[in-house]
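Numbering (our numbering) for the sequence shown: 710 to 885.
All remarks here apply to the structure that follows.
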Amino acid sequence: MIVLIGESGSGKTTILNELEKIGYNKMLDYTTRPKREKEEQNNEYVFVTKEEFERLWSQGKLLQRAEYNGEFYGISAENVSESSCCIQIVDSIPDMREGLKRLGKDLVKMKVFYIHVPAEERTKRMLKRGDSIEAIQERLRMDKEKFKEVEKVADVVIENVNLQKAVNDILTQYAE
710 MIVLIGESGS GKTTILNELE KIGYNKMLDY TTRPKREKEE QNNEYVFVTK
760 EEFERLWSQG KLLQRAEYNG EFYGISAENV SESSCCIQIV DSIPDMREGL
810 KRLGKDLVKM KVFYIHVPAE ERTKRMLKRG DSIEAIQERL RMDKEKFKEV
860 EKVADVVIEN VNLQKAVNDI LTQYAE
């Protein structure tokens, strides 16, 4: 399993989409947040109500749950198997590993890639996708705290200033 972590605007979703194009399976996430423009149900996320999310969590259908801005995000357990390689963007690696163990899937090969991009570039990317200045400032503040000890959970650091190079670096490192 290829796991991508990184601050807001680091390009995780773009990298995930590139890996999907060459045959990697994307794990489906659930969220209670509203859809962004151009997002589709069952493509980027499964958009659910908070009540539905809580039901999925209590039934053990989610590996991990995270909260951001009062909205919940959860990783579906459906796509995880020992025989196929899948990709996932994760907020909490310890929770993800615990979720895999809870489902008896602790033998899955998992490599965690931290996608690094300087704050100035991430700000430009978030502005381009339509985030407000206030939301960007809050994300940058939260990310600084959330990723201060990223070296404890990441197996590999990938610089994402060139998309194709970042994807190639991930593929090379994952094969090792």
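We put the beta carbon where it would ideally sit given N, CA and C, even for glycine.
Those residues which DSSP pairs with residue i across a bridge
i: E774; result: Checking the sequence shown, residue 774 turns out to be Arg, not Glu. For R774, which the question treats as bridged, DSSP gives the partners G783.
i: Q750; result: Y754
i: I867; result: I824
i: D738; result: I784
Cβ distance (whole Å) where residue i is taken to contact residue j below 8 Å
i: T723; j: L872; result: 6 Å
i: D864; j: K820; result: 5 Å
i: N869; j: H825; result: 7 Å
Residue i: first and last residue of the uninterrupted alpha helix (DSSP H) it sits in
i: Y733; result: Run containing Y733: none; DSSP gives neither H nor E here.
i: V876; result: L872 to A884
i: S717; result: Premise fails: S717 is in no alpha helix (DSSP H) and is neither H nor E.
i: Q768; result: Unbroken run through Q768: none, as it is neither H nor E.
i: K853; result: I842 to K855
Cutoff 6 Å; reference residue i; Cβ partners in own chain excluding five residues on either side
i: D878; result: I867
i: M851; result: none
i: R848; result: S717
i: R834; result: G718
i: E780; result: T741 and R742
N- and C-terminal bounds of the beta strand (DSSP E) containing residue i
i: V712; result: I711 to I714
Cβ neighbours of residue i in the same chain (closer than 7 Å, five flanking residues each side left out)
i: F856; result: E716
i: F756; result: T740, K744 and Q750
i: R831; result: E716, S717, G718 and S719
i: A828; result: L849
Sequence-distant residues of its chain with Cβ nearer than 8 Å to residue i (five each side left out)
i: E746; result: G839
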